[in-house]
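Q: Quick one: this structure, given as structure tokens, is what I'll be asking you about.
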Amino acid sequence: MYKKTIIIIVIAIIFFFIGAGSSYLYQAKKCSLTADPNNTFTAGWEAAKERLRETGLVQISQNQAEFTSLTGKVVKKLKDSMEISTPAVGPLANPDLNIRIIDMDTQTKIYKIIEKNSEEFEQELALFNQQFSNEQIVNNPNAPIPPSRFKQVVAHNDDIEKGQMVTIATNEDVKEIKRFTAKEITIRY
């Protein structure tokens, strides 16, 4: 009886290893037949975007508008460049583009938005109210525009500091560009 039990256990172990080995070989062969050497992350990413486009869960236009300006927070400031952290331009945008490198040259214009003093703002508001009461407002393209509490003044490269919010304008589409030269920089706060 004891010998019979040992033989049954040995045969069970042998069949177990034969089954496990054949399963492993079958899976390895199956994977090698379906593996595509050109299947990269990018191909998968494009397929995922195409599937989302087909299902309508995310609207992804082939002809998305150009991005010629970005707003972000200054993360690092160097002499003639800076890094800014920007929000993603879309739900499936490249996350590497959340940090952009902005170069500045002699042609780059830099402005700072500052709050007007209350006297200046009150004068502009009084003038607006006077014009507003005298103008015919309905369908008038020349109707007076209310004054802003802020004004834009010329600034310099040294005025840009880490932690400030800036708006960068450029002449090119920067939607997929990590590093570019700014045409205009506006320091928000």
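According to the working numbering, the sequence shown is numbered sequentially starting from 2. Ideal placement from N, C-alpha and C gives every residue a C-beta, glycine not left out.
(1) In angstroms, rounded to a whole number, what distance separates the CA positions of LEU34 and GLU51?
(2) Do the CB positions of GLU162 and LYS78 come within less than 8 Å of each other?
(3) From PHE151, THR109, PHE133, THR87, pick the residue whose C-alpha is nearest to that of ASN118; which is it?
(4) As a quick exercise: from ILE15, PRO147, GLU173, ILE188, pick the residue whose alpha carbon is nearest that of ASN158.
(5) Just mark LEU71 as buried or exposed, buried being the case when its beta carbon has 16 or more other beta carbons within 10 Å.
(6) Identify whether GLN165 lies in helix, strand or coil by the three-state DSSP scheme.
(7) Can you tell me whether DSSP reads PHE16 as helix, strand or coil?
(8) Enumerate in chain order the residues of its own chain whose CB-to-CB distance from LYS176 is below 6 Å, with the five nearest sequence positions on each side excluded.
(9) Could you check which residue in ILE12, GLN28, ILE102 has the C-alpha nearest to that of VAL76?
(10) So, for ASN64: in the same chain, excluding its five sequence neighbours on each side, which residues have a beta-carbon less than 7 Å away from its beta-carbon?
(11) Pick out whichever of GLU116, ILE10, VAL155, PHE42 has its Cα sitting closest to the Cα of THR109.
(12) Go to THR72, then tell me how far its beta strand (DSSP E) extends in each direction, as first and last residue.
(13) Go through the segment 102-159 residue by residue and report every complete run of the alpha helix (DSSP H) that reaches 4 residues or more, in order.
(14) State the start and end residues of the unbroken beta strand (DSSP E) segment that holds GLU84.
(15) Buried or exposed for ALA183, please, with buried defined as at least 16 other CB atoms from any protein chain shown within 10 angstroms of its CB.
(16) Between LEU128, ALA127, ILE111, which lies nearest to ALA170 when the distance is taken from Cα to Cα?
A: Reading off the structure:
(1) Reliability of the predicted coordinates at LEU34 is poor, the pLDDT of 48 falling under 50, and the value obtained from them is presented with this limitation in mind. Roughly 25 Å separates the two Cα atoms.
(2) In this structure, LYS78 lies closer than 8 Å to GLU162 by Cβ.
(3) Closest by C-alpha distance to ASN118, out of PHE151, THR109, PHE133, THR87, is PHE151.
(4) Out of ILE15, PRO147, GLU173, ILE188, ILE188 has the C-alpha closest to the C-alpha of ASN158.
(5) LEU71 should be labelled buried.
(6) Coil, per DSSP.
(7) The answer is helix: DSSP assigns PHE16 an H, G or I state.
(8) Hits under 6 Å: PHE68, VAL90.
(9) Comparing Cα-Cα distances from VAL76 to each of ILE12, GLN28, ILE102, the minimum goes to ILE102.
(10) Summary for ASN64: the model assigns pLDDT 49, below 50, so the residue's position carries little reliability, and this model does not support an answer.
(11) Among GLU116, ILE10, VAL155, PHE42, the Cα nearest to that of THR109 is on VAL155.
(12) Segment 70-78, the beta strand (DSSP E) holding THR72.
(13) Qualifying alpha helix (DSSP H) stretches, in chain order: 119-135.
(14) For GLU84, the enclosing beta strand (DSSP E) covers residues 82-86.
(15) That one is buried.
(16) For the residues LEU128, ALA127, ILE111, the minimum Cα distance to ALA170 belongs to ILE111.
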